[in-house]
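The block underneath contains the structure these notes are about, expressed in structure tokens.
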Amino acid sequence: MSILTLEQAAEYLQITPADLREELEQGKIPGRQIAGQWRISRSALEHFLAQCEPVPNSTLPSTQVASDSLHSTLASADHGVAQSGASDNMPAEGTVTAEATATTDAAHDDKLLAPEAAVALPESAAILGTDSSATAMIEAVPVEDEEIGEERVPVPGNNREDSSKFVARIFVYNQQQGFGYAKSSDGKTIHIDSKYLVTPHPIPFPGDIIEFEWHKSRKGVPQARSIRVIEATSTTYPVQKATIEPPKQILEPKESKVDLYMPRHRPHPNGTRESERLYQLAALANTEGRYDEARKLFKRAIEAGGGVKEYAALAKSEREGGSRSEAIRILKEAIDRFPNQARFYIMHGQIVRSMRKLELAEDIFRNGLSQIPRDAGLRTNLAQTLVQIGSEAALREAGDIYAQLERDGKLNTQDRQYKRFQFLQRNPRANQVYDFFQALTNTKVSIPGQRLLPQAITDIVIETDDQELQESFGLSGAILVRCFQRPAQSAEIVNLKEYLAKLRNNELIGLSDGREVVLNRSLAFIAVPDSSKIRDQIMNILSESSEAIVPIDDSLLQTRNSENVLDTLRDLLGQYLGQRDLYNSTGPVYGVPGRRFFGRERQLVQLADDVYRGQFIGIYGLRKMGKTSLVYQLRDEKLSSDAVAYVDLQASHSQIVRDLAPLYYELENDLYRRLVRRDPHAAALLRLGKYDRYSELPEAAQKIALIFAEDMRAILDELKDGKITSFKRVVIVLDELERILPITGQEGIQGYLEFFGLIRGLMQTERYRGLLSSVVVAANASISERGYWQDRENPVFALYKTVFLPPFSEEETREMIVTLGRGMSVRWEDEAIHSIFAETGGHPFLTRLFCSRIIQNYRNRPLIVTNDMVASQINHFIRSEGDKMGQITELLQRNFPDEENYLEQIALDEPLESLPDEALRHLLGYHLIHAEGGRYRITLNLLRRWLRRRAGVKDE
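By full-length UniProt numbering, the letter at position 139 of the sequence shown is numbered 139, and the numbering carries on one by one without gaps.
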């Protein structure tokens with residue numbers, strides 16, 4: 001491989017990725033940053049290493065250490081003790097930088113060496129000095145041979161019998177190439193060449209002590225000659241009592257003076273030659289995917305006297321193999337043997353932390369810090385654990401640790417737990433909520449971008465892939481969790497409900513990690529100290545709206561492991577969602593685009609196209625078919641770029657005064673309210689709309705129809721001339737049109753002829769073509785079919801295009817049943833949904849009413865509705881909800897009595913002698929019947945059953 005990644009180069013150099021990144025950023029090692037990622041040329045790296053001088057050209061070692069003294073020094077070094085003033089700027093043995101340990105698996109600590117790589121001695125063993133550039137070498141770089149003069153180098157102060165002999169400890173050696181490096185007591189790096197060994201055996205090994213002579217080449221470069229291994233790593237060194245001043249403390253203060261005694265046969269961190277051989281074989285097996293064999297070889301390496309890397313590799317292998325308990329056992333043994341190796345505490349603590357045993361993980365990291373107080377990796381992991389614990393005291397201490405890491409230049413600002421701490425430190429309850437949901441399997445917890453919320457309120461967003469939570473409780477998409485550090489106020493809970501209600505379809509919110517997600521508009525959580533104090537308000541919201549707010553309090557947040565969190569959520573959602581009935585809703589869907597509105601997409605698109613062409617449309621259909629909901633959706637979604645004036649004639653003041661004059665005011669007032677912020681100039685043209693009440697109009701407004709006509713022409717003229725650009729057309733929508741016309745025996749409202757005459761005149765004006773449209777809604781389709789009513793001209797005859805609103809298709813019915821059920825923890829079998837559709841014919845109101853009856857009789861949540869449950873409720877529903885069937889046929893009773901008789905004959909399976917074209921058109925148009933097998937059948941089977949029951953027929 002000619003180009004290396006940061007991690008590959010770090011492994012090649014046997015240093016951490018964090019240290020290598022720092023060297024690259026400072027320009028000390030050649031590399032290039034491409035698209036934010038470091039790439040290092042292997043050839044350039046080898047050339048760079050080849051240029052490294054083994055010792056400074058102009059400086060000779062300043063001291064020479066006697067063998068006995070050196071042994072004592074090395075023995076102290078093996079126990080992890082830094083000599084006074086020798087390592088103030090160096091991390092302790094096994095130190096892992098904060099950047100390198102920010103991830104939970106600390107992958108860089110467990111990298112396996114390739115078999116052919118040289119074996120490096122850990123920094124702790126190189127107590128004679130540390131040189132980052134030298135310790136970075138895995139393959140020892142040979143030094144060009146110089147022609148050697150005969151002059152030996154005299155060294156002042158040499159007190160050995162042979163003053164030309166020096167000693168050093170090997171910290172890296174490549175046996176295949178025969179090159180390596182050693183370090184003297186004063187930190188000088190000595191290049192070792194095997195051809196200058198006095199004897200070929202023993203072969204040098206990292207940790208061995210060598211004796212050598214200094215010679216100068218003709219160029220004056222000092223080089224080691226007459227090299228001899230005097231102490232191999234298996235030798236036990238004599239120990240002397242040492243009193244050491246500990247480094248500066250941050251956590252867990254220690255005594256100022258510590259007496260250290262080293263056991264005589266303490267294992268060496270580098271292991272033995274046999275353990276190294278087995279380790280290399282294990283590393284090869286692991287690289288080739290022979291994991292079981294690799295684990296066995298790692299175990300044999302430890303049995304053969306393995307050191308730090310053998311224990312770390314075996315623990316990592318067991319952890320990745322799914323045996324966390326065995327990995328923990330190995331790490332405990334490693335800590336007992338090598339108590340000053342930070343990586344073992346880190347690995348142990350991270351495994352325990354992943355098991356949600358946070359207090360135990362805290363103890364492990366603190367234990368490590370008692371041995372290696374300045375280790376950045378241990379400090380970082382302790383801070384991360386304290387953040388997850390989340391108490392006020394824990395967060396304060398985590399803040400102190402992060403501050404110290406920042407002062408030391410060891411803070412990884414990209415660490416996820418650190419970002420979480422920054423955001424959640426003001427709200428410990430939010431921090432506990434974060435940890436609660438993070439314990440769920442397949443769940444991601446995120447922090448929204450900057451939002452303007454009070455100091456005591458914090459939002460969190462969760463995304464779960466848990467199939468049960470999605471299917472049974474509707475926890476799909478991104479779920480908002482609003483966390484209150486203090487008790488929540490009633491107004492704050494209402495504000496949250498309204499916030500959900502105002503969310504539009506597919507509306508995105510930004511997260512602090514740069515992603516955007518679509519919030520679930522049906523469900524949110526609130527975290528409060530005590531949910532019992534807001535339970536009544538929550539239950540009212542659940543019963544009155546489609547939005548669900550579920551409280552979580554401190555008693556639930558103590559749950560830590562994944563299974564318990566899932567059980568807790570399941571019970572909580574069942575308790576709150578199971579109390580409401582979203583099917584039992586009789587009013588139209590309005591006020592919020594897309595909320596609880598199902599189906600009708602094809603009809604909406606067609607209606608919008610007709611409006612864009614300036615078409616006048618009449619929407620007709622059975623009662624409770626969803627006509628008003630459709631108009632709301634058309635107004636708020638499809639015609640959002642138009643100026644729409646909507647009036648429900650059933651609620652118009654015209655019904656009180658029996659005169660249509662108030663309608664002119666009501667249309668202008670509704671239009672004014674929609675335009676006053678959107679386009680103040682256009683709104684100012686609506687003189688009637690400026691008044692809050694009809695009764696406040698001045699006497700001059702008595703000519704209200706004239707003022708309305710002038711105002712409409714003023715707006716249409718400015719639209720035509722391009723002076724108004726905030727909307728494209730004016731649309732007048734009238735609901736319950738029957739209320740003002742003289743039909744079905746009722747008298748019409750005075751002035752209806754003049755009103756529709758004005759509307760027709762504006763529509764037929766060539767200048768305004770395409771700028772004005774109108775939609776009327778009624779149950780009686782004959783409104784636009786008959787030319788006269790009681791010898792009076794019908795003003796809307798042939799003016800409005802007739803559109804019959806059909807029932808839902810089976811797919812639309814399924815969507816409504818499943819979506820609403822999910823919000824109550826109710827699921828439906830496919831056969832059950834098919835039976836519902838067969839009985840209701842897709843009539844939205846009947847479908848919801850029938851589903852409501854079923855779930856009220858089965859109160860357990862979660863609930864799975866079967867086909868047998870549906871069948872068992874049919875007769876009960878017909879007996880108890882007969883009046884609802886009467887509402888559906890009321891239209892026929894009042895307006896089409898002949899059609900009602902024909903419908904009953906079809907229900908009773910009686911032969912029809914003849915079916916007039918007009919009656920057939922009405923029955924088919926209202927989708928009450930359909931042709932099947934050469935005869936007509938009633939589409940709504942529940943209606944058929946009810947008609948037969950009304951006629952005295954008893955079905956089985």
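We treat Cβ as the ideally placed atom computed from N, Cα and C, and that holds for glycine.
Three or more Cβ pairs closer than 8 Å define a contact, and the stretch 223-231 meets that threshold against the stretch 189-199. A Cβ-Cβ separation of about 7 Å places residue 816 in contact with residue 599 under the 8 Å criterion. Assignment of residue 553 by DSSP, reduced to helix, strand and coil, places it in the strand class.
By the Cβ rule, the stretch 431-451 does not count as touching the stretch 489-500, because fewer than three pairs are nearer than 8 Å. In this structure, residue 430 places its C-beta atom within 9 Å of the C-beta atom of residue 527.
If you draw a 10 Å sphere on the C-beta of residue 373, you find 16 or more other C-beta atoms in it, and that means buried. Distance between residue 585 and residue 355, taken at the CA atoms: about 45 Å. Non-local beta-carbon contacts of residue 319 in its own chain, meaning distances under 7 Å to residues more than five positions away in sequence, involve 327 and 351 in chain order. Using a Cβ-Cβ distance cut-off of 8 Å, the stretch 552-567 and the stretch 811-830 are not in contact, since fewer than three pairs of beta carbons, one from each stretch, lie closer than that value. Taking C-beta atoms as the reference points, residue 280 and residue 308 fail to come closer than 9 Å. In the DSSP assignment, residue 605 falls within the alpha helix (DSSP H) that extends over 601-612. Your pair residue 810 and residue 837 checks out as a contact, with CB atoms roughly 5 Å apart and the cut at 8 Å.
The stretch 383-396 makes contact with the stretch 419-435: 3 or more CB pairs, one atom from each, lie closer than 8 Å. Residue 888 is positioned such that its CB atom lies no closer than 9 Å to that of residue 873.
Here residue 936 is bridged, per DSSP, to 931. Taken in chain order, the unbroken stretches of beta strand (DSSP E) that lie wholly in the stretch 491-559 and span 3 residues or more are 508-510, 516-528 and 548-553. Residue burial annotation: residue 875 is exposed, with fewer than 16 other C-beta atoms found within 10 angstroms of its C-beta. Beyond the five residues adjoining it in sequence on each side, residue 32 comes within less than 6 Å, by CB distance, of 39 in the same chain, given in chain order. Only exposed fits residue 291, as fewer than 16 other CB atoms lie within 10 angstroms of its CB. Residue 662 carries a helical assignment under DSSP once its states are collapsed to helix, strand and coil.
For residue 682, the CB contacts under 8 Å within the same chain, skipping 5 residues up- and downstream, are 643, 675, 715, 718, 724, 726 and 727 in chain order. With a cutoff of 9 Å on beta-carbon distance, residue 779 and residue 623 are scored as near each other. Annotation: the continuous alpha helix (DSSP H) that includes residue 847 extends over 844-856. By DSSP's assignment, residue 183 forms a beta bridge with 169 and 189. Within the model, the alpha-carbon separation for residue 846 versus residue 938 is close to 15 Å. Residue 321 is bridged by DSSP to nothing; it lacks a bridge partner. Residue 922 is classed as buried because its beta carbon has at least 16 other beta carbons within 10 Å across all chains shown.
Beta-bridge analysis with DSSP links residue 209 to 169 and 231. In the displayed model, residue 711 falls within a helix according to three-state DSSP.
According to the DSSP assignment, residue 773 belongs to no alpha helix (DSSP H) but to the beta strand (DSSP E) extending over 772-778. In this model, residue 603 and residue 775 are separated by some 14 Å (Cα to Cα). The stretch 400-410 and the stretch 514-526 do not touch, with fewer than three beta-carbon pairs separated by less than 8 Å. Per DSSP, residue 892 is one residue of the alpha helix (DSSP H) stretching across 882-895.
Residue 857 counts as exposed, since fewer than 16 other beta carbons sit within 10 angstroms of its beta carbon. Note on geometry: alpha-carbon atoms of residue 814 and residue 849 lie some 15 Å from one another. Residue state for residue 482 is assigned as strand, using DSSP reduced to three classes.
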